[in-house]
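Have a look at the structure below before the remarks.
Chains as they are written, first to last, in my numbering: chain Y, 524 to 741; chain P, 9 to 292.
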């Protein structure tokens, strides 16, 4: 098979459309993961009876099973029980939940990294618990883990290709479908890979920069 | 110089310039102690840090606690600030119960404890300023969100306090932009902003470079001389303790070894352990 330039150029608009879906998946998925992960980390840290155990189990469970199976179950099995959403929504929620389990660990390390003295100062000033969390602890904890969260965002960007398996028409699925309908896989798959790289490489450079900027002081 | 027994202190109904508290008018009738430890023990596993400690501080008294490291000095302050719980015993502050623990009790934070705790402020060895907030934000955080002060008033008072500790020009600096001495002065201002009745100092100069110790001691000295706030300080600065304290308490192995006016402790200690300790630390 020889690279066909004209064909390659002709499929760029379709691939870019797929890329845009991938970007949306990633951003929304990261948003869900960042919020759920934070909630999970705080619940575990507070050792809320029962709830902490449930959260801990969820984290272990989600991390211990493949994303692909989670996506399949959500898209093909849950509708049997009347829980059904379109492919994109299912994809965003599943990848968001999946990554929240990893991000919970990241936040946990961030929270642990806040010196005990900060908690003690908050106690000495009688700050209410919510104020202590939102104004004192989390701003410091989250700051130090921003680069790690950034790395997960990049990983999710690439991982989201898995969601092509549940018919989300993102970049990978677009490339595949071009392949099936034209019997030419070389150009669409190569270019899809290139597009993934063109986004993820600068993004990881940016994360490196953030790492230096948010490196813990002292 | 205040007496070292439990008698109260004289004082008119004027208001203190710095703390804003009425001076010399402790709420307990006629001079009960403002801080009272009754039979307080603290164990860390097999290690008994405090041994059935009985220890009182009178309103307005400036007390320095000295003694070898690991003797439990800091634990006294940490129990008062509710950063640690006693294993057993009672602690009263300003007539209210802070701790009432029987051996084996499960420790819970109570409302009474939270309310009583507000009467106490603490200055830490490591400053513990919030590094992501400016000096002024550090100071107004608790007055606004705990005392419910309005923000403009809190800022005004915060600015006054910063001027008082010589940092009027550093209001908008964050802790990483300041020296250790400056940070500790902000921390003192932050504690004062809550108008505590009892202010605790936990080795306030131990983490400082030698050339920065003086500026912090000056601030504490001014406070000691100009307020009727009760001050309780754990320190290794013996000369400073001698200078500003009404009473010095020598502490060792979880117990008060000797307690008395600074002249007694430093010039004429009654106990062998006090003598040995002072000899060891003053030699350098």
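For glycine and all other residues, C-beta sits at the position ideal for the given N, C-alpha and C. Remember, it's a predicted structure, so these values are computed and weren't measured experimentally.
> Under 8 angstroms between the Cβ atoms of residue 79 of chain P and residue 248 of chain P?
Replying inline: Pairing residue 79 of chain P with residue 248 of chain P gives a Cβ-Cβ distance that is not under 8 angstroms.
> Are the C-beta of residue 138 of chain P and some C-beta of chain Y separated by less than 8 angstroms?
Replying inline: Output row for residue 138 of chain P: interface = yes.
> Three-state secondary structure (DSSP) at residue 283 of chain P?
Replying inline: Reduced to three states, the DSSP call for residue 283 of chain P is helix.
> How close, in whole Å, do the beta carbons of residue 376 of chain P and residue 178 of chain P come, if the pair is a contact with beta carbons under 8 angstroms?
Replying inline: This structure gives no information on residue 376 of chain P, because the portion of chain P shown stretches from 9 to 292.
>> Rounded to whole angstroms, what is the Cα-Cα separation between residue 274 of chain P and residue 286 of chain P?
In response: A straight-line Cα-Cα distance of about 8 angstroms links residue 274 of chain P and residue 286 of chain P.
> Counting only beta-carbon atoms, is residue 229 of chain P nearer than 8 angstroms to chain Y?
Replying inline: The beta carbon of residue 229 of chain P does not come within 8 angstroms of any beta carbon belonging to chain Y, so the residue lies off that interface.
> Ends of the beta strand (DSSP E) at residue 721 of chain Y?
Replying inline: Annotation for residue 721 of chain Y: no beta strand (DSSP E) segment contains it, though the alpha helix (DSSP H) segment containing it runs 709-736.
>> So, at 8 angstroms on beta carbons, what are the nonlocal neighbours of residue 36 of chain P in its own chain, with the 5 sequence-adjacent residues on each side left out?
In response: Its pLDDT being 42, under 50, residue 36 of chain P is placed unreliably in this model, and the coordinates cannot settle the point.
> Taking Cβ-Cβ distances below 9 angstroms as the criterion, which residues of the region 71-102 of chain P are in contact with chain Y?
Replying inline: Within the region 71-102 of chain P, those residues whose Cβ lies closer than 9 angstroms to any Cβ of chain Y are, in chain order, 86, 89, 90 and 91.
> Do the CB positions of residue 564 of chain Y and residue 130 of chain P come within less than 8 angstroms of each other?
Replying inline: If you check the CB distance, residue 564 of chain Y and residue 130 of chain P do not come in under 8 angstroms.
> If you run the structure through DSSP and keep just helix, strand and coil, what is residue 259 of chain P?
Replying inline: When DSSP states are grouped into helix, strand and coil, residue 259 of chain P belongs to the strand group.
>> Is residue 215 of chain P close to chain Y? Criterion is C-beta to C-beta, closer than 8 angstroms.
In response: No, its Cβ sits nowhere closer than 8 angstroms to a Cβ of chain Y.
>> So, under 8 angstroms CB-CB, residue 139 of chain P and residue 204 of chain P are touching, yes? Tell me the CB distance rounded to an integer number of Å.
In response: About 23 angstroms separates the CB atoms of residue 139 of chain P and residue 204 of chain P; that is not less than 8 angstroms, and the two are not in contact.
> Smallest Cα separation from residue 122 of chain P: which of P:88, P:97, P:251 and P:265?
Replying inline: That would be P:88, whose Cα lies nearest to the Cα of residue 122 of chain P.
> Under a three-way DSSP split, which group does residue 278 of chain P fall into?
Replying inline: Here residue 278 of chain P sits in coil by DSSP.
> Three-state secondary structure (DSSP) at residue 181 of chain P?
Replying inline: Looking at residue 181 of chain P - three-state DSSP - the assignment turns out to be coil, as it is neither helix nor strand.
>> The alpha helix (DSSP H) that contains residue 187 of chain P, what's its start and end?
In response: Unbroken run through residue 187 of chain P: none, as it is neither H nor E.
> How long is the line joining the alpha carbons of residue 629 of chain Y and residue 154 of chain P, rounded to whole angstroms?
Replying inline: Taking the straight line from one Cα to the other gives about 31 angstroms.
>> Just to make sure I have the definition right: I need the residues of chain Y whose C-beta is within less than 9 angstroms of the C-beta of residue 154 of chain P. Which are they?
In response: Those are 648, 649, 650, 651 and 654, listed as they occur along chain Y.
>> Using DSSP's beta-bridge definition, name the partner residues of residue 580 of chain Y.
In response: None; residue 580 of chain Y has no bridge partner.
> Apart from the five residues just before and just after residue 57 of chain P, which ones in its own chain have a Cβ nearer than 6 angstroms to its Cβ?
Replying inline: Excluding its 5 nearest sequence neighbours in each direction, residue 57 of chain P has C-beta neighbours in its own chain below 6 angstroms: 50, 80, 83 and 262, listed in chain order.
> What residue range is occupied by the uninterrupted beta strand (DSSP E) comprising residue 672 of chain Y?
Replying inline: Residue 672 of chain Y: not part of any beta strand (DSSP E); member of the alpha helix (DSSP H) spanning 661-682, first to last residue.
> Grouping DSSP H, G and I as helix and E and B as strand, with all else coil, what is residue 207 of chain P?
Replying inline: In the structure shown, residue 207 of chain P falls within a strand segment according to DSSP collapsed to helix, strand and coil.
> Run through DSSP, which three-state label would residue 621 of chain Y get?
Replying inline: Looking at residue 621 of chain Y - three-state DSSP - the assignment turns out to be helix.
> Which residues bound the alpha helix (DSSP H) around residue 166 of chain P?
Replying inline: Per DSSP, the unbroken alpha helix (DSSP H) holding residue 166 of chain P starts and ends at 159-172.
> Does residue 658 of chain Y have its Cβ less than 8 angstroms from a Cβ in chain P?
Replying inline: Closer than 8 angstroms: yes.
> Do the CB positions of residue 175 of chain P and residue 194 of chain P come within less than 8 angstroms of each other?
Replying inline: Result yes, Cβ atoms of residue 175 of chain P and residue 194 of chain P sit closer than 8 angstroms.
> At a CB-CB cut-off below 8 angstroms, which residues of chain P make contact with residue 670 of chain Y?
Replying inline: Ordered by position in chain P, no residue passes the 8 angstroms Cβ test against residue 670 of chain Y, which lies about 17 angstroms from the chain.
> For the candidate residues P:98, P:112 and P:113, whose alpha-carbon lies nearest to that of residue 106 of chain P?
Replying inline: By alpha-carbon distance to residue 106 of chain P, the top candidate from P:98, P:112 and P:113 is P:98.
> Looking at residue 733 of chain Y and residue 670 of chain Y, is the spacing between their C-beta atoms short of 8 angstroms?
Replying inline: Yes, Cβ-Cβ distance for residue 670 of chain Y and residue 733 of chain Y is below 8 angstroms.
> Counting contacts by CB-CB distance shorter than 8 angstroms, is residue 150 of chain P in contact with chain Y?
Replying inline: Using a CB distance cut-off of 8 angstroms, residue 150 of chain P counts as an interface residue toward chain Y.
> Taking DSSP as the reference, what is the three-state secondary structure of residue 267 of chain P?
Replying inline: Note: residue 267 of chain P maps to strand in three-state DSSP.
>> Tell me which residues share the same chain as residue 690 of chain Y and place their Cβ nearer than 8 angstroms to its Cβ, disregarding the 5 neighbours each side in the sequence.
In response: So the list reads 598, 610 and 696, once near-sequence residues are dropped.
>> Does the CB of residue 35 of chain P have a neighbour CB from chain Y at under 8 angstroms?
In response: The pLDDT assigned to residue 35 of chain P is 44, lower than 50, so where the model puts this residue is not dependable; a value taken from the coordinates is nonetheless given after this. Answer no: the Cβ-Cβ gap between residue 35 of chain P and chain Y never drops below 8 angstroms.
> Got a sec, what are the start and stop residues for the beta strand (DSSP E) residue 100 of chain P sits in?
Replying inline: Start and end: 96-101.
>> Counting C-beta neighbours from all protein chains within 10 Å, is the total for residue 735 of chain Y 16 or more, i.e. buried, or is it exposed?
In response: When all chains shown are included, residue 735 of chain Y counts as exposed.
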